[in-house]
Each structure stands twice: as C-alpha cells, then as structure tokens.
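This report refers to the structure that appears directly beneath it.
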Amino acid sequence: MFSTAVQPGLVSLFSSTGSDPLALFSTRTDASLPSDSFVCLLNDAQSRPLPPSPAALITSPRDIEDDNVTEPDYTLEQTVLHIQSPTLKTTYIICPPIEWTGDARGPNGDLSMQHPWIHLQVRNMGREWTFEIGIADQSGREGVCAAQHFR
1 MFSTAVQPGL
11 VSLFSSTGSD
21 PLALFSTRTD
31 ASLPSDSFVC
41 LLNDAQSRPL
51 PPSPAALITS
61 PRDIEDDNVT
71 EPDYTLEQTV
81 LHIQSPTLKT
91 TYIICPPIEW
101 TGDARGPNGD
111 LSMQHPWIHL
121 QVRNMGREWT
131 FEIGIADQSG
141 REGVCAAQHF
151 R
C-alpha cells in the first residue's frame with residue numbers, strides 16, 4: 001500500500017479528527033449481536049453521537065459509582081474510535097481494507113511500511129480488549145505482535 005510512497009518519519013494511519021478517519025480501514029461487526037457489536041466515532045467526553053439503533057454503548061467503569069474503581073477520572077474533548085463487542089474475534093477494524101485489491105493493497109497485500117515502532121493510545125473500559133499487528137523483518141520473516149489485557 002505504501003511501498004511506492006516516500007515515507008516520512010511519522011505516519012498516522014488513523015486520526016479521529018480527520019475528515020474520514022476510517023478511510024484506510026475495513027470494519028467488521030457481529031451481525032448476530034446488533035445491539036452489542038459495533039464500531040463508531042464519538043466525542044469522548046459526551047459519548048455522543050450515539051451509535052445508530054439498535055446499538056447501545058456500554059457503561060464505562062468511570063460512570064459507575066464504585067470505590068474499587070481506580071481508573072483516572074478524565075475524558076478527552078475530542079472524537080475517539082469506539083469498538084465494542086462481547087466477542088473479540090467478530091468485531092474489529094483492519095488496515096488495509098479487505099475490499100481493496102491489486103495495487104491498492106501493495107505488492108504483498110500489506111501496508112509495506114518501514115517503521116521500527118508503533119504508538120497506540122487505548123483506554124481501559126473495564127472489558128477485555130486485544131489488538132494484533134502483522135510484522136515482517138527485512139529478511140521477509142513474518143510474525144504477529146499481539147497484546148491483550150486479559151489472560
């Protein structure tokens with residue numbers, strides 16, 4: 001996807017403040033869970049706009065009165081990506097988009113980026129979450145870097 005592009009020192013694949021934040025991504029949701037499985041953009045501080053019906057936002061730990069919750073009491077005054085589902089394997093975003101074919105996906109069907117690091121900013125919503133990133137070294141050996149907050 002980026003194999004023929006000049007790659008600057010910093011590349012942002014997702015910015016929630018852009019005009020089309022998910023332009024480089026496909027989204028997948030679990031059709032059997034229409035009220036619980038969705039991907040949407042919303043204002044963090046206001047949790048608005050609400051996702052289309054029948055989807056319903058979960059209540060984050062910060063919204064529950066509980067002395068045992070130690071999450072910081074803060075929100076961002078900006079748009080954030082909200083991915084929600086009780087089943088991690090069926091609701092996700094993927095880049096490059098699955099629908100892209102041929103040259104749009106790059107010679108190997110990947111991003112073809114050459115950066116040695118990645119930065120993600122994730123908020124714990126008191127639910128299980130995970131992410132996976134496919135990587136390849138200069139020799140072409142491939143692997144997956146996965147992180148999750150549960151065992």
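Per full-length UniProt numbering, the sequence shown runs over residues 1 to 151. Heads up, the beta-carbon is just placed ideally off N, CA and C, and yes, glycines get one too.
Beta-bridge pairing of His-149 - partner residues as DSSP gives them: According to DSSP, His-149 shares a beta bridge with no other residue.
Alpha carbon to alpha carbon, how far is Asp-44 from Gln-84? Give it in angstroms, no decimals. Going by the C-alpha atoms only, they are around 14 Å apart.
Could you tell me whether the stretch 101 to 110 touches the stretch 33 to 47, using the rule of 3 or more Cβ pairs below 8 Å? No, the stretch 101 to 110 is not in contact with the stretch 33 to 47.
Considering only residues of the same chain and omitting the five flanking positions on each side of Thr-130, which have a CB-CB separation below 6 Å? Spatial neighbours of Thr-130 in its own chain (CB-CB distance under 6 Å, excluding positions within 5 residues in sequence) are listed in chain order as Leu-88 and Gln-148.
For the candidate residues Val-80, Leu-13 and Ser-15, whose alpha-carbon lies nearest to that of Val-39? Checked all of Val-80, Leu-13 and Ser-15; the closest Cα to Val-39 is Val-80.
Tell me the DSSP secondary structure of Gly-140 in three-state form. If DSSP states are grouped into helix, strand and coil, Gly-140 belongs with coil.
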